[in-house]
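The letter at position 134 of the sequence shown is residue 134 when you use UniProt numbering, and the numbering goes up by one with no holes.
First up is the structure itself, then whatever we jot down about it.
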Amino acid sequence: MATENRNPEIRKDAVNNRLVILSPARSRRPSDIKSKSQSKPDSNPTQCPFCAGNEHQCAPEIFRFPEDSTSDWKVRVIENLYPALSRQLQVKSDNEEHRQANGSTGEVSLRGFGFHDVVIESPNHSVHLQDLSPAGIAVVLLAYKKRIEQLCAVESISYIQVFKNHGASAGASMSHSHSQILALPVIPTIASNRLNTMKEHHNQTGKCSLCNINTHKLLINESTHFISISPFASTFAFETWIIPRYHSSHYHQLDEDKAIDLGGILKLTLEKLSLQLNDPPYNLMIHTSPLHIVSSELPYTHWYIQIVPQLSTIGGFEMGTGCYINPVFPEDAAKILREVQLPNKE
């Protein structure tokens, strides 16, 4: 697919209010872009604390699926042994901000309260998320749902981020397939910006920006309840979103049937990215709404999954402006991924 004659564009993301420069690489076609990272096998995976039989090496378990399983568990949710936040710290019931001594400067410091959990996606060290069946992935997705519902009961928790780092260069410190859940007493700025942008779109159009999202030339795959797309203003090369076709503000509203359907399209997406891009490291993030939104915010809030293959590094321009340079037009990425033919495994 030639891109030599395509001019650069500056596009705006109507969901996150971000600018991106689409500047096609002159020296390579989009289909030639591959990951250069090579995964290295563990020298001694038998010592992995996430493997079945080594449960005693882990931080305390929160729950497992199936609940009454012993060595035959499918998914375990545990506390993070090295948490970013402390679940032991007490937070005042009114979530009062504790200002620093020089509070007149506007600097604010909050107690580092929150929850940081790990979801072990399989008892088998060599099995990755995309290797599971759609029903197997659904078990992982429903573990997220259950843990979020538990954290919803903590009054001072405002926002929950589910994320997965696959590969060392994507931030994974353990090669055994896992994901993480961080529950915060504050709403991160990027989430607030997303809500404000979606509200503005709804005020102008009367429609939810994700229900009304542009799929022309951007659609990759679709299932009964979900679509996968290359977003119009993709921040990263081959960035992919999986979006519910039905309007839903919170991820934890997901039911079992939809979880299996989501497991199928997520598996297909990860397999296509792996085959096309040479098994790249990637980050997967579930962008859901803050827990305590009011009824008037429901019409324009809509959750989705973002998958970002790590194919390049960011530099000073991106860090200084928040505007990223993407060398692959999303229309090209969508076409390439649509046409990926997976090998017949039967």
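Quick reminder that beta carbons are idealized off the backbone N, C-alpha and C, glycines included.
Nothing here was measured: the structure is a model prediction, and the numbers come from that model.
What three-state label does DSSP hand residue i in the structure shown?
i           : result
residue 144 : helix
residue 9   : strand
residue 28  : coil
residue 67  : coil
residue 139 : helix
residue 46  : helix
residue 217 : coil
residue 100 : At residue 100 the pLDDT is 47, less than 50, meaning the model places this residue with poor confidence; the figure from the coordinates comes in the next sentence. Coil at residue 100, not helix or strand.
residue 283 : strand
residue 22  : strand
residue 176 : coil
residue 164 : strand
Take residue i as the anchor and find which of the options has the nearest alpha-carbon.
i           : options            : result
residue 208 : 185, 245, 145, 111 : 245
residue 280 : 169, 315, 249, 257 : 169
residue 36  : 321, 309, 341      : 309
residue 14  : 285, 264, 201      : 201
residue 163 : 275, 153, 157, 172 : 172
residue 158 : 113, 174, 322, 61  : 113
residue 225 : 195, 258, 143      : 258
residue 109 : 186, 59, 53, 135   : 186
residue 227 : 241, 217, 236      : 241
residue 264 : 70, 284, 136, 283  : 136
residue 191 : 67, 326, 290       : 290
residue 282 : 178, 140, 134      : 178
residue 85  : 111, 28, 10, 316   : 111
Report all residues from its chain with a CB closer than 7 Å to the CB of residue i; omit the five preceding and five following residues, and keep chain order.
i           : result
residue 8   : 21, 22, 23
residue 125 : 45, 48, 51, 176
residue 274 : 130
residue 248 : 302, 303
residue 347 : Residue 347 falls outside the range modelled here, since the chain spans only 1 to 346, and no answer is possible.
residue 211 : 247, 302
Excluding the five sequence neighbours on either side, which residues of its own chain have a C-beta within less than 6 Å of the C-beta of residue i, listed in chain order?
i           : result
residue 130 : 267, 270, 271
residue 72  : none
residue 193 : 17
residue 239 : 308
residue 284 : 164, 307
Quick check: what's the CA-CA separation for residue i versus residue j?
i           : j           : result
residue 145 : residue 6   : 43 Å
residue 219 : residue 57  : 44 Å
residue 165 : residue 297 : 30 Å
residue 19  : residue 251 : 26 Å
residue 184 : residue 221 : 33 Å
residue 12  : residue 232 : 8 Å
residue 261 : residue 75  : 19 Å
residue 288 : residue 161 : 8 Å
residue 138 : residue 182 : 20 Å
residue 33  : residue 306 : 20 Å
residue 295 : residue 147 : 23 Å
residue 316 : residue 149 : 40 Å
Given residue i, which residues of its chain have a CB within under 8 Å of its CB, disregarding the five upstream and five downstream residues?
i           : result
residue 199 : 297, 300
In chain order, what are the residue ranges of uninterrupted alpha helix (DSSP H) at least 4 long that sit wholly in the stretch 309–337?
316–321
In chain order, which continuous runs of the alpha helix (DSSP H) of length 4 or greater are located wholly inside the stretch 235–308?
256–277
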